[in-house]
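What follows is a single structure, written as structure tokens, with notes after it.
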Amino acid sequence: MRIEFFGATQEVTGACFLLHVGQQRVLIDCGLIQGGYADEQRNHAPFPFDARQLDAVILSHAHLDHSGRLPLLLKNGFRGPIYTQTATRDLTRIMLRDAAFLNQKETEWTNKKRLRKGLAPQTPLYTAAEANAAVRRMQPLPFHKATALPPGITLTLHDAGHILGSSIVELNCTHANTRRTVIYSGDLGHRGAPVMRDPERIKHADLLLLETTYGNRLHRAWDATWQELGNILLQARADGGNILIPAFAIGRTQELLYIFKRQFAAWGLDQWAIFLDSPLAIEATTIYAQHASLYDAETHRLSKNGDVFAPPNLHYSKTAAQSMAINRIKSGAIIIAGSGMCDGGRIKHHLKHHLWRSNCHVIFSGFQAQGTLGRRIVDGAGFVRLWGETIKVAAQIHTIGGLSAHADQAGLLDWLSGYASPPAIALVHGEATAMQEFYAKLRLSVATNISMPKYGESIVL
346 MRIEFFGATQ EVTGACFLLH VGQQRVLIDC GLIQGGYADE QRNHAPFPFD
396 ARQLDAVILS HAHLDHSGRL PLLLKNGFRG PIYTQTATRD LTRIMLRDAA
446 FLNQKETEWT NKKRLRKGLA PQTPLYTAAE ANAAVRRMQP LPFHKATALP
496 PGITLTLHDA GHILGSSIVE LNCTHANTRR TVIYSGDLGH RGAPVMRDPE
546 RIKHADLLLL ETTYGNRLHR AWDATWQELG NILLQARADG GNILIPAFAI
596 GRTQELLYIF KRQFAAWGLD QWAIFLDSPL AIEATTIYAQ HASLYDAETH
646 RLSKNGDVFA PPNLHYSKTA AQSMAINRIK SGAIIIAGSG MCDGGRIKHH
696 LKHHLWRSNC HVIFSGFQAQ GTLGRRIVDG AGFVRLWGET IKVAAQIHTI
746 GGLSAHADQA GLLDWLSGYA SPPAIALVHG EATAMQEFYA KLRLSVATNI
796 SMPKYGESIV L
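Counting from 1, position 251 in the sequence shown corresponds to residue 596 in the numbering used here; the numbering is continuous, with no gaps.
Listed below in structure tokens is the structure:
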């Protein structure tokens, strides 16, 4: 028995791990590689394994850095089942469809320029039909139900508390009279976050694949985070401009809408018009409403009295014309739009219209990967390029780290304390600096074998 590491190795995106149990091969996640142009081109490279030989795939949750290359598996001959939590199946359906649409549009735009240069046209990474084919392979599972996979492997999903349906993956493996338990943390949620339940505790593992997205930092306390966000809203109102919030369509958007409704009076939100400018986020919010049983206790209680994601002055912007009309508003608009890292979607158009305005406020509420437009802005870029035009960054930029949907260093250590005895740990899903700092912290506090696998390396169970 062994596991190979083919993604999220000393980087955050592209999660992909291959488990071998005897002759059985099970892939855990198959995520999109995100970042700059060179990073994204890696998605077109052949898989380092034969997709036709995979017996099954397990998907931890719907975010594209975990699900985004699933259609490519089918293009390369995979015909097995994809096991995932029920809500994750529903969310992945709209995520992959949207990713296919955006990729096809981007390819069309690129090919116009290539043809003018006499270059051969490119093909999109995958089509909407290919994305739908991947979703049809999904077998939805509830939390806590032990499910037999190929011979010698049993799967159980536990609530990771990251987004709706996000799972900690438990795999109990038996081969040649040897038994091993592998736990993959997936993306662990931030304890105390609105809407989602806290990550479940796991008591035993022989090997733990542990995410380290924020392994080198501590989040602000929730009370301080709400105060920070409320103060930004008050300052933005006094400045007389608009607020842009790049937000992940799944998870972050719903948390923001929930807290805006809860704090509506305290934050003076009646003085604003709130726009959800993302057809994908609108659909995702509908799916969230269909799975109220997965909310934390408070949100579940409130959901019985109405829509917890609908502050009174919320406007849905579904069409391109509606989106463009928002940019005619010069003051008093809160615009929530994707993508969360500003590397695509409608937020780029809003940045073009507002980023150069000194009375505009931009609130970053989620992780910004290396190479993305969002990361450049957060890191203090004075100018950015949008569709060949140079835009001055004069807006006031805010990073609300306390809103993160990922556990911080203290949260990761606290979650680890739930194990009866420390398992061997392989660190994944973190940029090199964060991972190395967390590795050093673990070496001081946990007596176990700890590794930071590189791409293509494997661990024998």
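Glycine is no exception: its CB is placed at the ideal position from the N, C-alpha and C atoms.
Which term fits residue 379, buried or exposed, when burial requires 16 or more other beta carbons within 10 angstroms of its beta carbon?
-> Buried, because 16 or more other Cβ atoms sit within 10 Å of the Cβ of residue 379.
Contained alpha helix (DSSP H) runs [length at least 4] in the segment 681-743, N- to C-terminal order = 692-699 and 718-723
C-beta contact flag for residue 679 and residue 612 at 7 Å | It is not a contact, given that the beta carbons lie outside the stated cut-off.
Where do the ends of the beta strand (DSSP E) carrying residue 803 lie?
-> 803-805
Alpha-carbon to alpha-carbon, residue 697 and residue 586 | 15 Å
Looking at residue 724 and residue 564, is the spacing between their C-beta atoms short of 7 Å?
-> no
For the beta strand (DSSP E) holding residue 429, just list the boundary residues, first then last.
-> Residue 429 -> beta strand (DSSP E) spans 427-430.
Hey, out of 449, 595, 485 and 799, whose CA is closest to residue 711's CA?
-> 595
When burial is assigned at 16 or more other CB atoms within 10 Å of the CB, is residue 356 buried or exposed?
-> buried
In this structure, does DSSP put residue 541 in helix, strand or coil?
-> strand
How should residue 489 be labelled, buried or exposed, when 16 other C-beta atoms within 10 angstroms of its C-beta is the threshold for buried?
-> exposed
For residue 484: DSSP bridge partner residues = 428
Please classify residue 556: is it buried, with 16 or more other beta-carbons within 10 angstroms of its beta-carbon, or exposed?
-> buried
Beta-carbon gap between residue 394 and residue 363 smaller than 7 Å | yes
Give a yes or no on whether the C-beta atoms belonging to residue 692 and residue 624 are separated by under 7 Å.
-> Result no, Cβ atoms of residue 692 and residue 624 do not sit closer than 7 Å.
Report yes if the CB atom of residue 546 is closer than 7 Å to the CB atom of residue 763, and no otherwise.
-> Residue 763 sits close to residue 546, with the two beta carbons spaced by under 7 Å.
Enumerated in chain order, which unbroken segments of the beta strand (DSSP E) with a length of 3 residues or greater are wholly contained in the segment 364-415?
-> 369-373 and 401-403
Residue 465 burial status per 10 Å Cβ neighbour count (16 or more: buried) | exposed
Can you tell me which of the three DSSP states residue 348 falls into?
-> strand
Can the beta-carbon of residue 498 be found less than 7 Å from the beta-carbon of residue 402?
-> no
Grouping DSSP H, G and I as helix and E and B as strand, with all else coil, what is residue 796?
-> strand
Helix, strand or coil for residue 576 per DSSP?
-> helix
Residue nearest to residue 604 in terms of C-alpha spacing, selected from 727, 638, 567 and 481 | 567
Report yes if the CB atom of residue 544 is closer than 7 Å to the CB atom of residue 760, and no otherwise.
-> yes
Run of the beta strand (DSSP E) containing residue 661, from where it starts to where it stops = 659-661
Distance between residue 781 and residue 561 (C-alpha atoms, nearest Å) = 8 Å
Return the chain-ordered list of same chain residues with a C-beta closer than 7 Å to the C-beta of residue 574, the five sequence neighbours on each side being excluded.
-> Once the five neighbours on either side are set aside, the close Cβ partners of residue 574 are 745.
Might you give, ordered along the chain, the residues of its own chain that have their beta carbon closer than 6 Å to the beta carbon of residue 668, omitting 5 neighbours on each side?
-> 622, 662 and 691
Could you tell me the distance, in whole angstroms, from the CA atom of residue 728 to the CA atom of residue 735?
-> 6 Å
Span of the beta strand (DSSP E) around residue 504 = 498-504
Taking 6 Å as the line, does the beta carbon of residue 586 fall inside it for any heavy atom of the ligand SAM?
-> Because no ligand of any kind appears in the structure shown, any question about the ligand SAM cannot be addressed here.
Does DSSP classify residue 562 as helix, strand or coil?
-> coil
Using DSSP with H/G/I as helix, E/B as strand and the rest coil, what is residue 513?
-> strand
Expressed to the nearest angstrom, what Euclidean distance is found between the alpha-carbon atoms of residue 777 and residue 785?
-> 12 Å
Which one or two residues does DSSP pair with residue 771 in a beta bridge?
-> Partner residues in the beta bridge of residue 771, as assigned by DSSP, are 554 and 796.
If we call anything under 7 Å between Cβ atoms a contact, is residue 509 one with residue 636?
-> yes
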